[in-house]
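Contents: one structure, followed by commentary.
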Amino acid sequence: MNKEKFLEKAQLYLMDELNQSEKIEFENLIMENDELRSEFDSVKQVFESLTTSRPEEVDEKLLFSARNNLMRSIRNEAAKETPSEKILKWLKNIFVVNYKLSFGSLTLVVIGVFVGYFLFYSSSNQQIATGSKSVDLDNLSQYETGISNIRIPNPFLKGGDIEVIFGGTGGTSPISYKGTADDPIIQRALATALITQENPGLKLRTVNTLASTVESDQFIPDPKVKSALITAMKNDKNPAVRREALNVLQKFSFDKEIRDAYLYVLSNDSNSGLRVAAINALANLKVQGNSLDDKIINVLNKKAESDESDFIRLRAASLIKEVK
Amino acid sequence: MSLSDNQLIINAQKGDMEAFEKLVYKYDRHVLNIAKSFRNNEDDAKDIYQEVFIRVYRGLKNFQFKSEFSTWLFRVTTNVCISYNRGKKQHDSIDREIGNDEENTTTFADQLPGELRTDDKAVGSDLSTHINNALSQLPPQQKMAFTLKFYQDYKIKEIAEIMQCNEGTIKRYLFTATNKMREKLKGLR
Numbered sequence: 003m004n005k006e007k008f009l010e011k012a013q014l015y016l017m018d019e020l021n022q023s024e025k026i027e028f029e030n031l032i033m034e035n036d037e038l039r040s041e042f043d044s045v046k047q048v049f050e051s052l053t054t055s056r057p058e059e060v061d062e063k064l065l066f067s068a069r070n071n072l073m074r075s076i077r078n079e080a081a082k083e084t085p086s087e088k089i090l091k092w093l094k095n096i097f098v099v100n101y102k103l104s105f106g107s108l109t110l111v112v113i114g115v116f117v118g119y120f121l122f123y124s125s126s127n128q129q130i131a132t133g134s135k136s137v138d139l140d141n142l143s144q145y146e147t148g149i150s151n152i153r154i155p156n157p158f159l160k161g162g163d164i165e166v167i168f169g170g171t172g173g174t175s176p177i178s179y180k181g182t183a184d185d186p187i188i189q190r191a192l193a194t195a196l197i198t199q200e201n202p203g204l205k206l207r208t209v210n211t212l213a214s215t216v217e218s219d220q221f222i223p224d225p226k227v228k229s230a231l232i233t234a235m236k237n238d239k240n241p242a243v244r245r246e247a248l249n250v251l252q253k254f255s256f257d258k259e260i261r262d263a264y265l266y267v268l269s270n271d272s273n274s275g276l277r278v279a280a281i282n283a284l285a286n287l288k289v290q291g292n293s294l295d296d297k298i299i300n301v302l303n304k305k306a307e308s309d310e311s312d313f314i315r316l317r318a319a320s321l322i323k324e325v326k
Numbered sequence: 068m069s070l071s072d073n074q075l076i077i078n079a080q081k082g083d084m085e086a087f088e089k090l091v092y093k094y095d096r097h098v099l100n101i102a103k104s105f106r107n108n109e110d111d112a113k114d115i116y117q118e119v120f121i122r123v124y125r126g127l128k129n130f131q132f133k134s135e136f137s138t139w140l141f142r143v144t145t146n147v148c149i150s151y152n153r154g155k156k157q158h159d160s161i162d163r164e165i166g167n168d169e170e171n172t173t174t175f176a177d178q179l180p181g182e183l184r185t186d187d188k189a190v191g192s193d194l195s196t197h198i199n200n201a202l203s204q205l206p207p208q209q210k211m212a213f214t215l216k217f218y219q220d221y222k223i224k225e226i227a228e229i230m231q232c233n234e235g236t237i238k239r240y241l242f243t244a245t246n247k248m249r250e251k252l253k254g255l256r
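For the protein sequence lines, the chains are A and B, in the order given.
Going by my numbering, the first sequence wraps up at 326, each residue one higher than the last.
Going by my numbering, the second sequence wraps up at 256, each residue one higher than the last.
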């Protein structure tokens with residue numbers, strides 16, 4: 003066996019990549035030959051050095067920071083899908099599933115668009131024409147006519163005007179208000195819509211629009227917006243809306259109200275993903291230098307013992323350990 | 068009851084973000100460990116982690132279950148690690164000048180300042196730092212095979228599957244890498 007071949011065998015032996023008979027054969031070889039044994043010892047020494055220089059495992063702080071950045075990027079990535087892409091994707095799915103159904107649906111959509119256009123085009127123009135800014139901000143949710151519609155052009159494109167229409171039902175004249183997402187009136191209208199509207203799609207666009215305002219430099223935290231987000235995070239039927247509300251709330255300055263809301267979600271939400279998001283939000287507080295008070299620790303203790311999710315139990319236990 | 072990877076993938080392909088997150092949380096620590104041991108830098112590791120999962124997010128809709136999800140994920144991880152170059156022009160040029168040159172016989176000890184060349188001082192210095200420096204001079208493919216074997220304890224067969232090479236190629240990477248490390252660390256022991 004030449005030297006190169008021997009070195010290869012020695013490395014495979016040290017990497018535990020030889021089978022039993024090869025191992026015995028190799029051990030006999032080095033036992034019989036002092037020169038080879040000395041060469042083997044030299045390779046073994048290098049392997050031992052490499053083993054001792056093994057890098058440390060990543061710590062929790064790094065992992066959670068990486069996770070937060072990732073989830074933010076993923077949300078942006080998901081938001082990049084344009085409406086036309088969504089329609090194409092939807093059509094593609096429909097066509098793959100059933101040709102007849104797809105053809106029927108497409109025909110109905112086309113008919114619906116035409117009927118809608120002829121019936122509502124002129125009245126829609128009238129609503130915009132009667133636009134007024136005389137809206138009582140403090141009583142927005144109790145405004146006698148209520149919010150009847152919100153038009154958000156594209157929540158992820160900056161600069162587009164959002165239109166809120168109040169009233170227009172039961173013979174009352176509709177009032178239209180247009181503004182950017184940074185406009186406080188629009189923000190309050192969105193917050194009101196978030197807890198009063200039924201349409202989950204509209205609510206998701208609403209909360210996404212609020213998220214975009216929170217990231218803006220000109221963002222001024224509004225207690226009513228925060229309160230609406232907390233209500234949505236705790237009570238909305240749609241987990242996606244609850245999740246998005248939680249994400250937006252993380253941008254607000256931390257206070258007891260937000261803490262209690264996170265703890266409520268962690269204790270009561272049936273969706274494990276939401277509970278994970280809540281415990282991660284609490285973990286973030288620690289990363290940001292906030293202390294975890296007794297109320298948080300009590301809930302974490304309960305979750306460490308009894309949550310049905312392995313991840314939450316482990317995460318809660320690890321947070322408690324870090325605090326101690 | 069926890070869902071299998073395949074069920075999570077199917078749900079994620081339908082747009083279920085919770086399923087996607089569960090997949091991420093199941094494997095992300097390992098991805099970050101590979102990235103960190105490959106780059107030996109936390110910021111680089113975070114960049115790689117981010118890039119890996121963005122690629123996975125984009126590619127998941129086309130995942131056809133021809134391999135295990137974990138194998139595919141770690142394949143993406145190794146590809147991102149190997150192609151990761153941001154801000155590393157200096158190291159890259161060293162790679163070209165030293166790492167890829169099979170005939171090069173320069174030892175790491177030769178590159179140390181004169182006062183560090185004696186055995187006593189070298190042994191007293193931080194061996195890990197020298198190993199990391201020597202490791203950074205390996206070509207990326209060799210370095211990746213080395214990282215997966217020595218720092219992540221993969222078998223050669225598994226490394227071959229992840230890096231999409233045959234086992235002979237991986238063995239060659241490992242022998243070459245180990246021999247180079249041995250040469251470069253000679254003066255330090």
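Beta carbons: idealized from backbone N, C-alpha and C, even for Gly.
From a predicted model like this one, the values you see are computed outputs, not experimental measurements.
Residue pairing by DSSP places residue 195 of chain B in no beta bridge whatsoever. Residues of the segment 56-71 of chain A that bring their beta carbon within less than 8 Å of a beta carbon in chain B comprise 56, 57, 59, 60, 64, 65, 67, 68, 69 and 71, in sequence order. Collapsing the DSSP output to three states places residue 67 of chain A in a helix. Here residue 317 of chain A carries a helix assignment [DSSP, helix/strand/coil]. The continuous stretches of alpha helix (DSSP H) do not include residue 151 of chain B, and DSSP gives it neither H nor E. Along the segment 208-284 of chain A, the alpha helix (DSSP H) occurs as fully enclosed runs of 4 or more residues at 225-237, 241-251 and 258-270, listed in sequence order. The alpha-carbon separation between residue 80 of chain B and residue 63 of chain A amounts to approximately 30 Å. With respect to chain A, the C-beta atom of residue 117 of chain B has a partner C-beta closer than 8 Å. At a C-beta separation below 8 Å, residue 13 of chain A has these neighbours in chain B: 241, 242 and 245. DSSP, read as helix, strand or coil, puts residue 11 of chain A in helix. Scanning its chain for C-beta atoms nearer than 6 Å, with the 5 sequence neighbours on each side dropped, one finds around residue 325 of chain A the residues 294, in chain order. With fewer than 16 other beta carbons inside 10 angstroms of its own, residue 308 of chain A counts as exposed. Comparing alpha-carbon positions, the option among B:102, B:100 and B:94 lying closest to residue 138 of chain B turns out to be B:94. Annotation: residue 229 of chain B to residue 115 of chain B spans about 17 Å, alpha carbon to alpha carbon.
Listed in chain order, the positions of the segment 100-133 of chain B with a beta carbon within less than 8 Å of a beta carbon of chain A are 100, 103, 104, 107, 109, 112, 113, 116, 117, 120, 121, 124 and 125.
Taking a Cβ-Cβ threshold of 9 Å, none of the residues of chain A is close to residue 142 of chain B; the smallest such distance is about 19 Å.
Interface flag for residue 324 of chain A against chain B is unset, since no Cβ pair is found closer than 8 Å. By the rule that beta-carbons nearer than 8 Å mark a contact, residue 314 of chain A does not touch chain B.
For the segment 247-280 of chain A, the set of positions with a beta-carbon nearer than 9 Å to some beta-carbon of chain B reads 273, 274, 275, 276, 278 and 279 in chain order. With a threshold of 8 Å between beta carbons, residue 203 of chain B makes no contact with chain A. A direct Cα-Cα distance of roughly 26 Å separates residue 60 of chain A from residue 252 of chain B.
Contact annotation: residue 251 of chain A and residue 298 of chain A have beta-carbon atoms that are not nearer than 8 Å. Judged by DSSP in its simplified three-state form, residue 129 of chain B adopts helix. With its beta carbon less than 8 Å from one in chain A, residue 195 of chain B belongs to the interface. With contacts defined as CB atoms closer than 8 Å, residue 241 of chain B and residue 216 of chain B qualify as a contacting pair.
Nearest Cα to residue 106 of chain B within the set B:204, B:239, B:243 and B:120: B:204.
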